[in-house]
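Everything below concerns the one structure shown next.
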Amino acid sequence: MTDDKLIRLENVSRVYNGGFKVIAVDSIDFSVERGGFCCIAGPSGSGKTSLLNLIGGIDKPTSGDIFIENENITALSRAKLSDFRLKKLGFVFQELNLIPVLTARENIEFPLMLQGWSIEKREIAVNGIMKELGLEGLADRRPAAMSGGQQQRIAVARAVVSGPSLVLADEPTANLDSANSHNLVELMKRLNSEKNITFIFATHDESVLREARQIVYLRDGKITGKT
6 MTDDKLIRLE
16 NVSRVYNGGF
26 KVIAVDSIDF
36 SVERGGFCCI
46 AGPSGSGKTS
56 LLNLIGGIDK
66 PTSGDIFIEN
76 ENITALSRAK
86 LSDFRLKKLG
96 FVFQELNLIP
106 VLTARENIEF
116 PLMLQGWSIE
126 KREIAVNGIM
136 KELGLEGLAD
146 RRPAAMSGGQ
156 QQRIAVARAV
166 VSGPSLVLAD
176 EPTANLDSAN
186 SHNLVELMKR
196 LNSEKNITFI
206 FATHDESVLR
216 EARQIVYLRD
226 GKITGKT
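Taking the numbering used here, the leading residue of the sequence shown gets 6, the next gets one more, and so forth.
Here it is, written out as structure tokens:
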């Protein structure tokens, strides 16, 4: 794999066998360059979230290989995959998953604690990202005391505070009005440009798709087009 390809998927499929067989992701091949700003687009049920979960190592493919930074994550043990996810990836979930009993500052700091950063390094990193993203005024608020847009910005700060290679965002604007959606996309574009963080979104939001430099279109788990 060439150095500019941060991610490569080779013939990736995910099949669920419950009461009946469901092919959520079907023979997917595509790559994303380092510093990319990529959207996985498609209607509900097209396989967007399933594909994002595979790229993020939250789920494992039934067949095929996923390479991130030259590492075949499909070959990693559960423990090594968990460590890889923690150190290399950031996540912004539609449900946000902020910890309600923690303040904004503590939520942002949490992944650094899991990674074993020292108190001094954590303080520098958290203060830096909050200042950079204009979040100082929210530092001591808990999620219940924040608007949806503010919570999303805290979730983005948490995703990028450790300097990950890749941030995966699942429908990040789904619960936001148009103004907050625009602000969130502009924030992620700035992080992509200034920090060279690669972003991959699962979305059907046209305002997000307009800003993407790469789009992979899905329907019924298959790629139907690329731009």
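Backbone N, C-alpha and C fix where the C-beta goes; we use that ideal spot for every residue, glycine too.
Own chain residues within Cβ distance below 8 Å of I228, not counting five before or after: Looking up residue 228 in the sequence shown gives position 223. Correct list, in chain order: I33, D34, F35, V221 and Y222.
Beta-bridge partners of V37, as assigned by DSSP: The residue you call residue 37 lines up with position 32 of the sequence shown. According to DSSP, V37 bridges with I12.
Rounded C-alpha distance that separates I113 from L143: In the sequence shown, the residue the question calls residue 113 occupies position 108. In the sequence shown, the residue the question calls residue 143 occupies position 138. When rounded, the distance between both Cα atoms is 11 Å.
Test: A29 CB closer than 8 Å to a CB of chain B: Protein chains in the displayed structure number just one, and chain B is not present.
Helix, strand or coil at L138 [DSSP, three-state]: On the sequence shown, position 133 is the one that residue 138 refers to. L138: coil per DSSP, three-state reduction.
Close-in-space but distant-in-sequence residues of the same chain around N3 (CB under 6 Å, 5 per side omitted): Since the first residue shown for the chain is 6 and the last is 232, residue 3 is missing from the structure and cannot be characterised.
Sufficient close CB pairs (3 or more, under 8 Å) joining the region 180 to 193 to the region 16 to 29: no
Closest by C-alpha distance to D64, when choosing among S87, M135 and V131: Position 59 of the sequence shown, counted from the start, is the residue given in the question as residue 64. Among S87, M135 and V131, the Cα nearest to that of D64 belongs to S87.
Proximal residues to L1 (C-beta, below 7 Å), its chain only, five neighbours per side dropped: Nothing can be reported for residue 1: it is not among the residues displayed for the chain, which extend from 6 to 232.
Where K65 sits in the DSSP three-state scheme: Here residue 65 refers to the residue found at position 60 when the sequence shown is read from its first residue. Coil at K65, not helix or strand.
Contacts around P48, its chain only, beta-carbon distance under 8 Å, and the 5 residues preceding and following it disregarded: Translated into positions along the sequence shown, residue 48 becomes position 43. Contacts found: H209 and R224.
Buried versus exposed call for D9 [16 or more other C-beta atoms within 10 Å across all chains shown]: Position 4 of the sequence shown, counted from the start, is the residue given in the question as residue 9. It is exposed - the Cβ of D9 has fewer than 16 other Cβ atoms within 10 Å.
L223 - DSSP class collapsed to helix/strand/coil: In the sequence shown, counting from the first residue as 1, residue 223 sits at position 218. Of the three classes helix, strand and coil, the one that applies to L223 here is strand, per DSSP.
T208, enclosing alpha helix (DSSP H) - first and last residue: Your numbering for residue 208 matches position 203 in the sequence shown. Not the alpha helix (DSSP H): T208 falls in the beta strand (DSSP E), residues T203 to T208.
Proximal residues to I60 (C-beta, below 7 Å), its chain only, five neighbours per side dropped: For the purposes of this step, residue 60 is identified with residue 55 of the sequence shown, where counting begins at 1. Contacts found: I12, I71, L173 and I205.
M6 versus G95 - alpha carbon distance: In the sequence shown, residue 6 corresponds to position 1, counting from 1. In the sequence shown, residue 95 corresponds to position 90, counting from 1. Residue placement at M6 is flagged as unreliable, the pLDDT there being 38, under the threshold of 50; the coordinate-derived value follows with that caveat. Computed Cα separation, rounded: 22 Å.
Residues of its chain near C243, where Cβ-Cβ distance is below 8 Å and the 5 sequence neighbours each way are ignored: The first residue shown for the chain is 6 and the last is 232, placing residue 243 beyond what the model contains.
Three or more C-beta pairs below 8 Å linking the region 169 to 185 and the region 129 to 143: no
T54 classed as buried or exposed, judged by whether at least 16 other C-beta atoms fall within 10 angstroms: As a first step, residue 54 is located in the sequence shown; it is residue number 49 there, counting from the start. T54 comes out buried.
Exposed unless 16 or more other CB atoms sit within 10 angstroms - verdict on G50: Residue numbering aside, residue 50 sits at position 45 when the sequence shown is read from its first letter. With fewer than 16 other Cβ atoms within 10 Å, it is exposed.
CA nearest to the CA of P177, picked from G62, A160 and K231: By 1-based counting over the sequence shown, the position of residue 177 is 172. Looking at the Cα atoms, A160 is the closest of the given residues.
Every unbroken alpha helix (DSSP H) within the region 106 to 192, with a cutoff of 4 residues, ordered by chain: 109 to 119, 124 to 137 and 153 to 165
Straight-line gap, P116 to R163 (C-alpha atoms, nearest Å): Your numbering for residue 116 matches position 111 in the sequence shown. Your numbering for residue 163 matches position 158 in the sequence shown. Distance between the alpha carbons of P116 and R163: 7 Å.
Beta-carbon contacts of N62 that lie in its chain and below 6 Å, excluding the five residues immediately before and after: Position 57 of the sequence shown, counting from 1, holds the residue named residue 62. The amino acid occupying residue 62 in the given sequence is Gly; Asn does not appear at that position. Result list for G62: I78, L86 and R90, in chain order.
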